[in-house]
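Accompanying notes for the structure given below.
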Amino acid sequence: MLVHHLYSGGKDSSLSAWILKRLGYEVELVTVSFGTLDNWRFARETAERLGFEHRVLYLSKEILETAAEMAIREGHPNNAIQFIHERALEALASLPEVERVSDGTRRDDRVPLLDLPKARSLEDRFGVAYIRPLLGLGYRTIRELTGKLFVVEVRESEELEKADYEVELRHLLRERGIDPLTIFPRSHYQSRVLGWKE
Numbered sequence: 710m711l712v713h714h715l716y717s718g719g720k721d722s723s724l725s726a727w728i729l730k731r732l733g734y735e736v737e738l739v740t741v742s743f744g745t746l747d748n749w750r751f752a753r754e755t756a757e758r759l760g761f762e763h764r765v766l767y768l769s770k771e772i773l774e775t776a777a778e779m780a781i782r783e784g785h786p787n788n789a790i791q792f793i794h795e796r797a798l799e800a801l802a803s804l805p806e807v808e809r810v811s812d813g814t815r816r817d818d819r820v821p822l823l824d825l826p827k828a829r830s831l832e833d834r835f836g837v838a839y840i841r842p843l844l845g846l847g848y849r850t851i852r853e854l855t856g857k858l859f860v861v862e863v864r865e866s867e868e869l870e871k872a873d874y875e876v877e878l879r880h881l882l883r884e885r886g887i888d889p890l891t892i893f894p895r896s897h898y899q900s901r902v903l904g905w906k907e
């Protein structure tokens with residue numbers, strides 16, 4: 710039973726992958742890229758250190774451009790990140806070999822997060838199972854588990870070497886002459902898993 714799991718190299722997507730494996734699934738980690746940067750390699754490094762198969766799924770740059778326009782128009786990144794995540798899930802679910810898709814969204818997330826109708830729609834439209842291992846877990850539980858399992862680096866989003874959607878979105882904003890800090894929160898910490906704890 711193979712699950713294709715959207716993967717950024719952060720603690721949420723890493724914990725989700727670990728849970729899926731413990732449940733008996735074969736897990737392939739999938740990092741989305743728009744081809745503007747090679748930051749997907751940070752996710753690949755983490756995947757290799759954790760012992761998972763990894764691949765890159767390239768999406769059309771038009772998706773990124775639409776997301777950037779949304780972020781500029783609205784003055785914040787929430788709907789832009791949600792838009793990218795939904796397109797990423799759809800692209801992954803549409804691949805002929807994919808029967809199960811997964812992500813690291815959790816109970817307390819606001820974005821990205823599919824509500825129940827959208828989750829059911831994804832499954833119905835593409836004939837896949839959509840699995841969210843962290844949906845019942847809160848921040849405290851996730852912090853405890855990831856602290857026990859992984860070596861985790863936590864830094865400001867602008868400084869962290871990571872492979873999530875935000876990196877290429879920030880890059881495109883800079884290319885358009887827009888300071889990402891006028892749209893993204895100034896003080897926002899994110900994580901990257903560096904490997905297993907001994």
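Just add 709 to the spot in the sequence shown (first one is 1) and you have our numbering.
Glycine included, C-beta positions come from ideal geometry on N, C-alpha and C.
As the structure is a prediction and not an experimental result, all values here were calculated from the model.
Where residue i falls: helix, strand or coil (DSSP)
i	result
Ser830	helix
Gly904	strand
Thr740	strand
His714	strand
Ser867	The sequence given here has Glu at residue 867, not Ser. Coil at Glu867, not helix or strand.
Thr881	For clarity, residue 881 is Leu in the given sequence; the question names Thr instead. Correct three-state label for Leu881: helix.
Range of the contiguous beta strand (DSSP E) that encloses residue i
i	result
Ile840	838-840
Residue i CB to nearest heavy atom of the ligand ADP below 8 Å
i	result
Gln791	As far as ligands go, the structure on display features none, and thus does not contain the ligand ADP.
Reference residue i; option with closest CA among the options
i	options	result
Tyr839	Lys770, Ser830, Glu737, Leu768	Ser830
Arg883	Lys906, Gly718, Leu804, Ala780	Ala780
Ser742	Val712, Trp727, Leu881	Leu881
Leu804	Ala777, Gly836, Ser717, Pro786	Gly836
His794	Glu783, Val807, Thr775, Gly784	Thr775
Contact under 9 Å by Cβ, residue i with residue j
i	j	result
Arg901	Lys871	yes
Val736	Arg753	no
Pro786	Leu878	yes
Pro842	Leu732	yes
Leu711	Thr855	no
Asp817	Tyr848	yes
Span of the alpha helix (DSSP H), counted from its first residue to its last, around residue i
i	result
Glu806	Per DSSP, Glu806 belongs to no alpha helix (DSSP H) and is neither H nor E.
Tyr848	848-858
Leu766	No alpha helix (DSSP H) holds Leu766; the beta strand (DSSP E) holding it covers 762-767.
Ser725	720-731
Bridge partner(s) assigned by DSSP for residue i
i	result
Val861	Val902
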